[in-house]
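Read the structure below first, then the notes.
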Amino acid sequence: MDKIYSHPVSLRDNSTHYCAGCGHGTAHRIIAEIVDELGIREKVIGLAPVGCAVIAYEYWNFDCSEAAHGRALAVATAIKRVRPENIVFTYQGDGDLAAIGTNETIHAANRGENLTVIFINNAVYGMTGGQMAPTTLAGQKTATTPAGRDVLSHGFPLKISEMLALLPAVKYIERVSFHSPQEIIKAKQAIKTAFLNQINNIGFSLVEILSPCPTYWGMSPQKSLEWIKEVMAKEFPLGRIK
Numbered sequence: 002m003d004k005i006y007s008h009p010v011s012l013r014d015n016s017t018h019y020c021a022g023c024g025h026g027t028a029h030r031i032i033a034e035i036v037d038e039l040g041i042r043e044k045v046i047g048l049a050p051v052g053c054a055v056i057a058y059e060y061w062n063f064d065c066s067e068a069a070h071g072r073a074l075a076v077a078t079a080i081k082r083v084r085p086e087n088i089v090f091t092y093q094g095d096g097d098l099a100a101i102g103t104n105e106t107i108h109a110a111n112r113g114e115n116l117t118v119i120f121i122n123n124a125v126y127g128m129t130g131g132q133m134a135p136t137t138l139a140g141q142k143t144a145t146t147p148a149g150r151d152v153l154s155h156g157f158p159l160k161i162s163e164m165l166a167l168l169p170a171v172k173y174i175e176r177v178s179f180h181s182p183q184e185i186i187k188a189k190q191a192i193k194t195a196f197l198n199q200i201n202n203i204g205f206s207l208v209e210i211l212s213p214c215p216t217y218w219g220m221s222p223q224k225s226l227e228w229i230k231e232v233m234a235k236e237f238p239l240g241r242i243k
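2 is the number of the first residue of the sequence shown in this note's numbering; add one for each residue after it.
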């Protein structure tokens, strides 16, 4: 019988600290699979964010570093320039990448840094209270923003992928989702493409992932997947943007 499943070498056998139904565990798994499949475990360096995934390095069995909140792409740029032979990627949530880190994100993309960016968009600040994520949908109420987004006061959700796609030095941007097994397969292929772009010195690549946060959305895990498909993906359309 052919073996169809195995534990990735690049994924540590640790118990998860994430809430039930959270998308971070799925993202960690497929990134580890890709690192193994590409044979880059001894060359890859991951940048963990400030946020729910701040201890991503507890799950990945390869070199990782941390950065101050929002500064992952600044640190990644430094590492890649000093060690261009390494494969460097950032793993960032919407607050880290598109709120406090907006400046670093835009300028790293504008410079065309040869980096891979994994952008987890769950439309909520999962770790800090009282803050509205830049991707929180109009009218959406969460545990950290119980009053919901009022576009007259707070503006519209920030479509960071579409914004970055306008920059000439950006080479690849795709938005994917975790709302079904079929979409997870597509997400893995997009992330692999972003890593291959860096390996082939093509330039700045970003994959945005619509990821569930059942606890802070106040939904069951199943309902959160349905909400991504029926509501969130209409605000943030899936597919290759650039």
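Heads up, the beta-carbon is just placed ideally off N, CA and C, and yes, glycines get one too.
All figures in this text were calculated on a predicted structure; none of them were measured in a lab.
When DSSP builds the beta bridges, which residues end up paired with residue i?
i, result
"residue 48", "66 and 91"
"residue 207", "118 and 174"
"residue 240", "176"
"residue 12", "61"
"residue 150", "139"
Kindly indicate the opening and closing residues of the alpha helix (DSSP H) around residue i.
i, result
"residue 217", "215-218"
"residue 111", "103-112"
"residue 222", "222-228"
"residue 166", "161-166"
"residue 56", "Per DSSP, residue 56 belongs to no alpha helix (DSSP H) and is neither H nor E."
"residue 26", "25-39"
"residue 72", "Counting along the chain, residue 72 falls outside any alpha helix (DSSP H), and DSSP gives it neither H nor E."
"residue 196", "182-200"
Mind checking residue i: buried by the 16 CB within 10 Å criterion, or exposed?
i, result
"residue 90", "buried"
"residue 138", "buried"
"residue 78", "buried"
"residue 36", "buried"
"residue 17", "exposed"
"residue 157", "exposed"
"residue 135", "buried"
"residue 225", "buried"
"residue 93", "buried"
"residue 50", "buried"
"residue 122", "buried"
"residue 38", "exposed"
"residue 231", "exposed"
"residue 54", "buried"
"residue 178", "buried"
"residue 3", "exposed"
"residue 209", "buried"
Measure the beta-carbon distance from residue i to residue j and round it to whole angstroms, keeping in mind my assumption that it falls under 8 Å.
i, j, result
"residue 207", "residue 165", "6 Å"
"residue 239", "residue 176", "5 Å"
"residue 88", "residue 45", "5 Å"
"residue 52", "residue 113", "At roughly 26 Å, the Cβ-Cβ gap does not stay under 8 Å, so residue 52 and residue 113 are not in contact."
"residue 97", "residue 73", "7 Å"
"residue 201", "residue 173", "Not confirmed; about 11 Å, so no contact."
Exercise. Is it a yes or a no for the region 93-109 touching the region 184-204, going by three-plus beta-carbon pairs under 8 Å?
Worked result: no
For this session: Assess, as a yes-or-no matter, whether the region 152-162 is touched by the region 95-106 under the definition of 3 or more beta carbon pairs within less than 8 Å.
Result: yes
Problem set entry | Segment contact, 8 Å Cβ cut-off, at least three pairs: the region 211-231 with the region 23-30 | yes
Problem set entry | Sufficient close CB pairs (3 or more, under 8 Å) joining the region 6-13 to the region 165-172 | no
For this session: Tell me, please, whether the region 79-89 touches the region 118-127 by the rule of three or more beta-carbon pairs shorter than 8 Å.
Result: no
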